[in-house]
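Reading through the structure tokens given below for one structure.
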Amino acid sequence: MINSSYYIEDPGYQGMKASYWPRIILWLLSIMSLVMLVKSFANKVDSINAGSFSQINYMQFKNALICFGMFIIFLTFLEYLGMLLGGILFVFGLLTFLGGFSIKKIN
10 MINSSYYIED
20 PGYQGMKASY
30 WPRIILWLLS
40 IMSLVMLVKS
50 FANKVDSINA
60 GSFSQINYMQ
70 FKNALICFGM
80 FIIFLTFLEY
90 LGMLLGGILF
100 VFGLLTFLGG
110 FSIKKIN
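If you count the sequence shown from 1, you need to add 9 to reach this note's numbering.
Below you can see the structure in the form of structure tokens.
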């Protein structure tokens with residue numbers, strides 16, 4: 010994406026180029042992602058010493074797996090429902106499913 014930001018067309022106005030802020034945001038995201046990657050490797054070394062990989066409890070990843078599953082469903086129906094209706098149903102469904110359903114919470 011950083012490489013693609015060099016192909017953003019400049020409208021010719023005075024001041025900052027149109028690619029200035031996207032490039033800054035992309036560089037910051039890249040740096041923060043690299044820091045998180047290094048931290049995850051450091052934590053993984055500690056967790057390897059604590060136990061083996063065969064003892065992973067997949068229930069601790071339940072919410073993340075539900076989010077990924079619902080996102081795949083969202084992408085599947087995106088062509089038929091459209092972005093607006095599909096996005097509303099995705100967010101409402103995800104929050105309802107993860108937070109629990111009750112009529113009181115909807116009102």
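The beta carbon of each residue, even a glycine, is placed where N, CA and C say it ideally should be.
For Ile34 and Ala27, which I take to be in contact (beta-carbon distance under 8 Å), what is that distance rounded to the nearest angstrom?
Contact flag wrong, Cβ pair sits at about 13 Å.
By how many angstroms is the C-alpha of Asn72 removed from the C-alpha of Gly95?
20 Å
Return the Cβ separation of Met79 and Phe99 in integer angstroms, given the expectation that the two are a contact with Cβ distance under 8 Å.
7 Å
Three-state secondary structure (DSSP) of Met41
helix
Taking Gly108 as the reference, which of Cys76, Met92 and Phe86 has the closest Cα?
Cys76
Let me know the secondary structure DSSP gives Gln23 once reduced to three states.
coil
What would DSSP say about Phe110, mapped onto helix, strand or coil?
coil
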